[in-house]
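Note sheet for the following structure.
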Amino acid sequence: MASRDVALEQKVEMLEQQLTTLRSDPLLNDVSPHLSTLEIEQLIAYEQGHALRLVLDRGTRQPSIDIVVGHNATVAVLKRLVQAAVNEQIRRDTTLTHGRSRKANWTYTWKRYCLAVHTQRLLDPHQRIHELGLHTGDRLRFIRYTPPKPEKPPVDAMAGARGRGRRRGRGRGHARPPAMSA
(Lines of atoms letter the chains of each structure in order from A and count residues from 1; the text may use other names and numbers.)
(Lines give C-alpha, C1' and ligand atoms only; values in the text may rest on other atoms or scores of the structure.)
Protein backbone atom coordinates (compact mmCIF):
# COMPACT_ATOMS: atom_id res chain seq x y z
CA MET A 1 0.00 0.00 0.00
CA ALA A 2 2.87 2.36 0.79
CA SER A 3 4.42 1.75 -2.63
CA ARG A 4 1.16 2.87 -4.29
CA ASP A 5 1.18 6.11 -2.29
CA VAL A 6 4.79 6.79 -3.29
CA ALA A 7 4.01 6.06 -6.96
CA LEU A 8 0.97 8.32 -6.82
CA GLU A 9 2.97 11.14 -5.22
CA GLN A 10 5.63 10.80 -7.93
CA LYS A 11 2.99 10.98 -10.67
CA VAL A 12 1.40 14.08 -9.09
CA GLU A 13 4.81 15.74 -8.77
CA MET A 14 5.65 14.91 -12.40
CA LEU A 15 2.28 16.30 -13.56
CA GLU A 16 2.84 19.53 -11.61
CA GLN A 17 6.28 19.91 -13.24
CA GLN A 18 4.74 19.46 -16.69
CA LEU A 19 2.04 22.03 -15.90
CA THR A 20 4.68 24.50 -14.72
CA THR A 21 6.62 23.94 -17.95
CA LEU A 22 3.49 24.49 -20.06
CA ARG A 23 2.53 27.65 -18.18
CA SER A 24 5.99 29.13 -18.69
CA ASP A 25 6.06 28.31 -22.43
CA PRO A 26 6.11 31.63 -24.37
CA LEU A 27 3.96 30.18 -27.16
CA LEU A 28 1.12 29.53 -24.71
CA ASN A 29 1.14 32.95 -23.00
CA ASP A 30 -2.06 34.07 -24.72
CA VAL A 31 -3.98 30.91 -23.78
CA SER A 32 -6.13 31.18 -20.67
CA PRO A 33 -5.50 28.48 -18.04
CA HIS A 34 -9.27 28.19 -17.47
CA LEU A 35 -10.20 26.78 -20.89
CA SER A 36 -12.46 23.77 -21.30
CA THR A 37 -11.52 20.75 -23.41
CA LEU A 38 -13.83 21.93 -26.22
CA GLU A 39 -12.20 25.37 -26.27
CA ILE A 40 -8.73 23.82 -26.44
CA GLU A 41 -9.79 21.56 -29.33
CA GLN A 42 -11.24 24.59 -31.14
CA LEU A 43 -8.00 26.55 -30.68
CA ILE A 44 -5.98 23.64 -32.06
CA ALA A 45 -8.29 23.44 -35.10
CA TYR A 46 -7.92 27.20 -35.61
CA GLU A 47 -4.12 27.04 -35.40
CA GLN A 48 -4.08 24.18 -37.92
CA GLY A 49 -6.23 26.22 -40.33
CA HIS A 50 -9.36 24.07 -40.06
CA ALA A 51 -11.50 26.73 -38.38
CA LEU A 52 -12.39 30.43 -38.33
CA ARG A 53 -12.23 32.79 -35.39
CA LEU A 54 -15.29 35.04 -35.32
CA VAL A 55 -15.94 37.83 -32.83
CA LEU A 56 -19.35 38.08 -31.16
CA ASP A 57 -20.06 41.76 -30.61
CA ARG A 58 -22.56 42.12 -27.75
CA GLY A 59 -22.80 45.90 -27.67
CA THR A 60 -20.93 48.62 -25.84
CA ARG A 61 -21.52 47.46 -22.27
CA GLN A 62 -20.47 43.84 -22.69
CA PRO A 63 -17.09 42.50 -23.79
CA SER A 64 -16.83 40.82 -27.16
CA ILE A 65 -16.33 37.05 -27.24
CA ASP A 66 -14.12 35.05 -29.61
CA ILE A 67 -15.83 32.05 -31.18
CA VAL A 68 -13.92 29.39 -33.10
CA VAL A 69 -16.02 27.51 -35.63
CA GLY A 70 -15.06 24.95 -38.28
CA HIS A 71 -15.23 25.84 -41.98
CA ASN A 72 -17.75 23.08 -42.61
CA ALA A 73 -20.06 23.91 -39.67
CA THR A 74 -23.66 25.02 -40.18
CA VAL A 75 -25.44 28.08 -38.82
CA ALA A 76 -27.14 25.80 -36.26
CA VAL A 77 -23.72 24.70 -34.97
CA LEU A 78 -22.61 28.35 -34.86
CA LYS A 79 -25.68 29.22 -32.77
CA ARG A 80 -24.87 26.41 -30.31
CA LEU A 81 -21.28 27.66 -30.06
CA VAL A 82 -22.56 31.19 -29.41
CA GLN A 83 -24.82 29.85 -26.66
CA ALA A 84 -21.97 27.92 -25.07
CA ALA A 85 -19.59 30.89 -25.26
CA VAL A 86 -22.10 33.34 -23.77
CA ASN A 87 -23.10 30.88 -21.03
CA GLU A 88 -19.42 30.37 -20.17
CA GLN A 89 -18.85 34.14 -20.08
CA ILE A 90 -21.85 34.58 -17.78
CA ARG A 91 -20.59 31.78 -15.53
CA ARG A 92 -17.12 33.34 -15.31
CA ASP A 93 -18.55 36.80 -14.61
CA THR A 94 -20.74 35.54 -11.77
CA THR A 95 -17.90 33.57 -10.16
CA LEU A 96 -15.55 36.56 -10.37
CA THR A 97 -18.06 38.93 -8.80
CA HIS A 98 -19.43 36.31 -6.38
CA GLY A 99 -22.84 37.37 -7.55
CA ARG A 100 -26.06 35.53 -7.95
CA SER A 101 -25.98 33.00 -10.78
CA ARG A 102 -27.65 34.15 -13.98
CA LYS A 103 -28.80 32.29 -17.05
CA ALA A 104 -29.61 33.37 -20.57
CA ASN A 105 -33.05 32.44 -21.87
CA TRP A 106 -32.11 31.14 -25.31
CA THR A 107 -35.67 30.31 -26.38
CA TYR A 108 -36.62 33.95 -25.88
CA THR A 109 -33.40 35.16 -27.50
CA TRP A 110 -33.70 33.10 -30.69
CA LYS A 111 -37.40 33.98 -31.11
CA ARG A 112 -36.64 37.70 -31.05
CA TYR A 113 -33.07 38.00 -32.35
CA CYS A 114 -30.91 36.40 -35.01
CA LEU A 115 -27.20 36.45 -35.75
CA ALA A 116 -25.91 38.75 -38.47
CA VAL A 117 -22.58 39.39 -40.15
CA HIS A 118 -22.31 42.85 -41.70
CA THR A 119 -25.89 43.23 -42.98
CA GLN A 120 -26.46 39.55 -43.77
CA ARG A 121 -28.86 37.72 -41.44
CA LEU A 122 -28.01 34.11 -40.68
CA LEU A 123 -31.51 32.61 -40.82
CA ASP A 124 -31.08 29.23 -42.55
CA PRO A 125 -29.85 26.75 -39.90
CA HIS A 126 -28.68 24.27 -42.56
CA GLN A 127 -26.46 26.71 -44.45
CA ARG A 128 -22.72 26.05 -44.20
CA ILE A 129 -20.37 28.72 -42.87
CA HIS A 130 -18.07 28.55 -45.92
CA GLU A 131 -21.09 29.22 -48.20
CA LEU A 132 -21.75 32.49 -46.39
CA GLY A 133 -18.33 33.89 -47.28
CA LEU A 134 -17.25 34.45 -43.68
CA HIS A 135 -13.60 35.15 -42.91
CA THR A 136 -11.50 35.11 -39.76
CA GLY A 137 -12.13 38.28 -37.75
CA ASP A 138 -15.68 38.92 -39.00
CA ARG A 139 -17.96 40.38 -36.34
CA LEU A 140 -21.18 38.59 -35.42
CA ARG A 141 -23.93 40.53 -33.71
CA PHE A 142 -27.47 40.01 -32.55
CA ILE A 143 -30.10 41.93 -34.49
CA ARG A 144 -33.84 42.05 -34.09
CA TYR A 145 -35.58 39.18 -35.88
CA THR A 146 -38.89 39.92 -37.51
CA PRO A 147 -40.41 36.79 -39.04
CA PRO A 148 -42.02 37.24 -42.45
CA LYS A 149 -45.72 38.00 -42.25
CA PRO A 150 -48.08 35.51 -43.89
CA GLU A 151 -49.65 36.67 -47.12
CA LYS A 152 -53.16 38.07 -46.85
CA PRO A 153 -55.81 36.44 -49.03
CA PRO A 154 -57.06 38.50 -51.98
CA VAL A 155 -59.73 41.10 -51.21
CA ASP A 156 -62.41 39.35 -53.32
CA ALA A 157 -62.04 36.13 -51.35
CA MET A 158 -62.50 38.01 -48.09
CA ALA A 159 -65.68 39.72 -49.29
CA GLY A 160 -67.50 36.40 -49.65
CA ALA A 161 -66.33 35.20 -46.26
CA ARG A 162 -67.80 38.16 -44.43
CA GLY A 163 -71.33 36.82 -44.64
CA ARG A 164 -73.15 39.84 -45.99
CA GLY A 165 -76.73 40.12 -44.97
CA ARG A 166 -76.35 37.95 -41.90
CA ARG A 167 -76.83 39.38 -38.47
CA ARG A 168 -73.39 39.20 -36.90
CA GLY A 169 -74.15 40.06 -33.34
CA ARG A 170 -74.95 42.96 -31.10
CA GLY A 171 -71.55 44.56 -31.06
CA ARG A 172 -70.87 48.22 -31.52
CA GLY A 173 -72.95 49.78 -34.29
CA HIS A 174 -75.66 47.15 -34.36
CA ALA A 175 -79.16 47.99 -33.20
CA ARG A 176 -80.95 45.75 -30.75
CA PRO A 177 -84.00 43.93 -32.02
CA PRO A 178 -87.30 45.41 -30.88
CA ALA A 179 -88.78 44.01 -27.68
CA MET A 180 -91.65 41.59 -28.15
CA SER A 181 -94.89 42.63 -26.48
CA ALA A 182 -97.23 39.97 -25.17
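For what it's worth, full-length UniProt numbering labels the leading residue of the sequence shown as 1, then goes sequentially. We put the CB at the ideal spot given by N, CA and C, even for glycine.
Item                                                                       : Value
DSSP-derived helix/strand/coil call for R80                                : helix
Inter-residue spacing [alpha-carbon to alpha-carbon] between S32 and A73   : 25 Å
Distance CB(residue 187)-CB(S101) smaller than 8 Å                         : A question about residue 187 goes unanswered here, because the residues of the chain that appear run from 1 up to 182.
Distance CB(R144)-CB(R112) smaller than 8 Å                                : yes
H135 versus E47, K149, R53, residue with shortest Cα-Cα distance           : R53
Inter-residue Cα distance where the pair is V69 and L38                    : 11 Å
Coarse secondary structure for A104, derived from DSSP in three states     : coil
Residue range of the unbroken beta strand (DSSP E) whose run includes R144 : 139-144
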